[in-house]
Amino acid sequence: MLRHFSLLPFIAGLIVGAVIFFGFKPDSRERVVKWPNPENSGKVTYRDRNGLCYIFESQIVDCGKVKEKLQAYSFE
1 MLRHFSLLPF IAGLIVGAVI FFGFKPDSRE RVVKWPNPEN SGKVTYRDRN
51 GLCYIFESQI VDCGKVKEKL QAYSFE
């Protein structure tokens, strides 16, 4: 098995793979991920992958009193 191994094509493949990997990856410095929390509710506008913009508002509720109003929310 080792006699069929050529070092030059192996090194060339590693170099080409590294150039493709580091040359075409998205720049992560352009993206800032912020998760909604009580401190930033109503202040930050979020955009999903479809381009839909939305804002989260927070309010304190007693879950026992509003149980019939709660519904499942599907994320896109």
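With the UniProt record's numbering, letter number 45 in the sequence shown gets 45, and the count goes up by one each step, no holes. For every residue, glycine included, the Cβ atom is placed at its ideal position computed from N, Cα and C. Treat the numbers as computed from the prediction; the structure is a model and nothing was measured.
Exercise. Please state if the CB of Ser-74 and the CB of Ser-58 are separated by a distance shorter than 7 Å.
Key: Translated into the one-based positions of the sequence shown, residue 58 becomes position 58. Translated into the one-based positions of the sequence shown, residue 74 becomes position 74. For the 7 Å CB-CB criterion, Ser-58 and Ser-74 do not form a contact.
Self-check item: Rounded C-alpha distance that separates Phe-24 from Cys-63
Solution: For the purposes of this step, residue 24 is taken as residue 24 along the sequence shown, with counting starting at 1. For the purposes of this step, residue 63 is taken as residue 63 along the sequence shown, with counting starting at 1. Their Cα atoms are separated by approximately 48 Å.
Quiz prompt | Boundaries (first-last residue) of the beta strand (DSSP E) holding Ile-55 | solution = Counting from 1 along the sequence shown, the entry for residue 55 is found at position 55. In the DSSP assignment, Ile-55 falls within the beta strand (DSSP E) that extends over 53-55.
Quiz prompt | Boundaries of the alpha helix (DSSP H) in which Gly-23 is found, first to last residue | solution = As a working note, residue 23 is residue 23 in the sequence shown. Note, Gly-23: alpha helix (DSSP H), 7-24.
Practice problem: Determine the closest residue to Asp-48 out of Glu-39, Val-66, Val-33 and Phe-21, with distance taken between C-alpha atoms. | Solution: Position 48 of the sequence shown holds residue 48. Nearest to Asp-48 by alpha-carbon distance, out of Glu-39, Val-66, Val-33 and Phe-21, is Val-33.
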